[in-house]
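Residue numbers (this note's numbering), protein chains in the order written: chain A, 347 to 570; chain B, 347 to 570.
Glycine included, each C-beta is placed from N, C-alpha and C at the ideal position.
Every value quoted in this text rests on a predicted model; they were computed, and no experiment measured them.
2 protein chains.
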Amino acid sequence: MARKNLDEFAYKAIINLILGNHFKPGDFLFETELAASLGLSRTPVRHALGQLVAEGFLDKKKKKGCFIPLPSPEDARHVFYARENIEGLTAASAARHATETDIDHLYLLIGKEKKVANPGSQKAKLEYVTINENFHLSIAKISQNKYLEQYCRHIFWRSHTYIFFFDKYYTELDSSGQKTGPKQHSAIVSAIDNRNQEKAGNLMRQHVRITFEQLFMTWQLNFN
Amino acid sequence: MARKNLDEFAYKAIINLILGNHFKPGDFLFETELAASLGLSRTPVRHALGQLVAEGFLDKKKKKGCFIPLPSPEDARHVFYARENIEGLTAASAARHATETDIDHLYLLIGKEKKVANPGSQKAKLEYVTINENFHLSIAKISQNKYLEQYCRHIFWRSHTYIFFFDKYYTELDSSGQKTGPKQHSAIVSAIDNRNQEKAGNLMRQHVRITFEQLFMTWQLNFN
DNA sequence: GTAAATAGTGATGTATACATAACTCGATAT
DNA sequence: ATATCGAGTTATGTATACATCACTATTTAC
Chain A
347 MARKNLDEFA
357 YKAIINLILG
367 NHFKPGDFLF
377 ETELAASLGL
387 SRTPVRHALG
397 QLVAEGFLDK
407 KKKKGCFIPL
417 PSPEDARHVF
427 YARENIEGLT
437 AASAARHATE
447 TDIDHLYLLI
457 GKEKKVANPG
467 SQKAKLEYVT
477 INENFHLSIA
487 KISQNKYLEQ
497 YCRHIFWRSH
507 TYIFFFDKYY
517 TELDSSGQKT
527 GPKQHSAIVS
537 AIDNRNQEKA
547 GNLMRQHVRI
557 TFEQLFMTWQ
567 LNFN
Chain B
347 MARKNLDEFA
357 YKAIINLILG
367 NHFKPGDFLF
377 ETELAASLGL
387 SRTPVRHALG
397 QLVAEGFLDK
407 KKKKGCFIPL
417 PSPEDARHVF
427 YARENIEGLT
437 AASAARHATE
447 TDIDHLYLLI
457 GKEKKVANPG
467 SQKAKLEYVT
477 INENFHLSIA
487 KISQNKYLEQ
497 YCRHIFWRSH
507 TYIFFFDKYY
517 TELDSSGQKT
527 GPKQHSAIVS
537 AIDNRNQEKA
547 GNLMRQHVRI
557 TFEQLFMTWQ
567 LNFN
């Protein structure tokens, strides 16, 4: 394995574990264990964990260690409220800065999204999640603002804590039998394509809010 | 000195140096040097620097070190565009969540701000900067959203790279001889007090944009 | 005289040894 | 029986030694 920079290597390895749901909320990430399994010393692992804490992907108890944050309805509300608004900003900004190539790329993603098989299987779900991620982060990138993109990436990943609740969303069909996800995404891209900043922002906000509401409905059913 | 946690101690010490303009853009921050001057080993210093890089307060060249980011008109545009919109969000959210105590606190700050002596002296300028910081970050806190607050703090501090251009802004008076800064702040607090989210957001966006435009004017004058 | 090669210097990158504090669990006292 | 004290265990906190790479300056070849 060609590993030019162990800090970065460790960071990527660990965040992939986190975002891939290899840990449960409350699980501790032991420096020694991670170091051993990645085949390096504690130093770069420790460095990576520090960054993940700073970014809010992990919580930390002093002299105890780093652990996966515990999800809560309140945190979910904060995450999705922030995400709704931040992504509203990136979408609007994307409508101002998108090139032809950018827009082609977005249409391509929606095409792929529509073709994902009926998402009963775990594989199809993963495929869907990946395309969805790509869609949202592409728009952030197109916004052409380093800082908004940074915040958008952050809050998007942060919302992944809650993503395993999303089965319902991925399978939902509207009255004409079409998947609702690609439909909403299409509308957003159209607005961007038409350089309609306000509409792009509004549609994105609406899209994220719907996602949240479906999540929350499901959650209430699960926990009450 | 009671230092329970050296990582944190180093972080705070270094970020204070950065925000206090102890370094010039492009300056390298040497681990060895900082460690020596803070009286601790390279380890916690290194940890702190890593976080500061992750947060965008420092840039990094591999195997070379961390340095103060170079300001540029383009970066300034990105910073202030993001700040304008993020602070627009926090102001709007603050208008929904502010308690009586919160609003009293904001009025208090404006009172102090008005009383700051004619800011010719360096001391008065510093005083002004501190109150201004307190004002903006208080509103972020009142927004009651952990993530928006985090982003707001970050982008606010990030804009400090440019703050030393701001003399003009602090001294500017309107046609009736009043300082423009407190006047704009007053209008924002009134909107929050009246629970007018949209107006609070708009006024805050406008306020930040004016700040940027004055900065940029001054900058153009200095550099062209 | 100029350019390329190279040795020297000083910083970061990495591993490891030791210090310290939190948790565990059992023993003892009430 | 329960509560408290304390020793043992283990993971983090910190310092340091060594490795490595980037830069610099000097030397050497043309």
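Between the beta-carbon of residue i and the beta-carbon of residue j, is there less than 8 Å?
i	j	result
B/SER489	B/PHE426	no
B/ASN491	B/SER439	yes
B/LEU395	B/LEU386	no
B/LYS452	B/VAL535	In the sequence under discussion, the amino acid at residue 452 of chain B is Leu, which differs from the Lys named in the question. In this structure, B/VAL535 lies closer than 8 Å to B/LEU452 by Cβ.
B/THR507	B/PRO415	yes
B/HIS393	B/ILE456	no
A/ASN351	B/LYS469	no
A/PRO390	A/ASP353	yes
B/ILE432	B/TYR497	yes
A/ILE360	A/LEU380	yes
Kindly indicate which three-state DSSP category residue i falls into: helix, strand or coil?
i	result
B/LEU386	coil
B/MET347	In this predicted model, B/MET347 has a pLDDT of only 46, less than 50, meaning its place in the structure is not dependable; the value taken from the coordinates is given anyway. Residue state, collapsed to three classes: coil.
B/ASP448	helix
B/PHE376	coil
A/PHE407	Correcting the residue identity first, residue 407 of chain A is Lys in this sequence and not Phe. Three-state result, A/LYS407: strand.
B/ALA486	helix
A/PHE413	strand
A/VAL475	helix
A/PHE572	Residue 572 of chain A lies beyond the stretch modelled for chain A, which goes from 347 to 570, so this question has no answer here.
B/LYS571	This structure gives no information on residue 571 of chain B, because the portion of chain B shown stretches from 347 to 570.
A/SER505	helix
B/VAL462	coil
A/GLY366	coil
A/PRO419	helix
B/PRO528	helix
A/ASN540	coil
A/GLY547	helix
B/SER439	helix
A/GLU401	coil
Given a threshold of 16 other Cβ atoms within 10 Å of its Cβ, counted over all protein chains shown, does residue i qualify as buried or as exposed?
i	result
A/GLN382	Before going further, note that residue 382 of chain A is Ala rather than Gln in the sequence given. The residue is exposed, with fewer than 16 neighbouring Cβ atoms inside 10 Å.
A/LEU398	buried
B/HIS482	buried
B/ILE364	buried
A/LEU549	buried
B/THR378	exposed
A/HIS368	exposed
A/LEU561	buried
A/ASN478	buried
A/ASP450	exposed
B/GLY434	buried
B/ARG472	Sequence inspection shows Leu at residue 472 of chain B; the Arg mentioned does not correspond to that position. B/LEU472 should be labelled exposed.
A/ARG423	exposed
A/ARG551	buried
B/PRO528	buried
Could you round the C-beta distance between residue i and residue j to whole angstroms and report it? I think they count as a contact, below 8 Å.
i	j	result
B/THR436	B/LEU384	At roughly 33 Å, the Cβ-Cβ gap does not stay under 8 Å, so B/THR436 and B/LEU384 are not in contact.
B/VAL554	B/GLU420	That pair is no contact at about 18 Å.
B/PHE413	B/PHE376	Not confirmed; about 10 Å, so no contact.
A/ALA444	A/GLN543	In fact, because the Cβ distance is near 11 Å, the residues do not count as touching under 8 Å.
A/GLU401	B/ALA400	7 Å
B/ALA546	B/ILE556	In fact, because the Cβ distance is near 16 Å, the residues do not count as touching under 8 Å.
A/ALA428	A/ILE501	5 Å
Given the structure, does residue i come close to the ligand NAP, in the sense that its CB is under 7 Å from one of the ligand's heavy atoms?
i	result
A/THR557	Looking at this structure, you won't find the ligand NAP or any other ligand, since it has none at all.
Quiz item: Can you list, in chain order, the residues of the region 403-437 of chain B whose Cβ is nearer than 7 Å to any Cβ on chain A?
Solution: Of all residues in the region 403-437 of chain B, LYS408, HIS424, VAL425, TYR427, ALA428, ASN431 and LEU435 have a Cβ within less than 7 Å of some Cβ in chain A.
Quiz item: Going along the chain, which residues of the region 349-373 of chain A sit with their C-beta nearer than 7 Å to a C-beta in chain B?
Solution: The region 349-373 of chain A vs chain B, Cβ under 7 Å: ASN351.
Quiz item: Taking any Cβ of chain B, which residues in the region 475-496 of chain A have a Cβ under 9 Å from it, in chain order?
Solution: Residues GLN490, ASN491, LYS492, TYR493, LEU494 and GLN496.
Practice problem: Residues of the region 544-558 of chain A with a CB closer than 9 Å to any CB of chain B: list them in chain order, please. | Solution: From the region 544-558 of chain A, no residue has a Cβ closer than 9 Å to chain B.
Self-check item: chain B contacts from the region 380-395 of chain A (Cβ-Cβ distance under 7 Å)
Solution: Per Cβ criterion, the list reads HIS393.
Self-check item: Selection of the region 437-457 of chain B by Cβ proximity to chain A, strictly under 7 Å
Solution: Listed in sequence order: no entries.
Quiz prompt | Residues, ordered as in the chain, of the region 526-541 of chain B that lie near chain A by beta-carbon distance below 8 Å | solution = Contacts with chain A (Cβ-Cβ distance below 8 Å) from the region 526-541 of chain B involve no residue at all.
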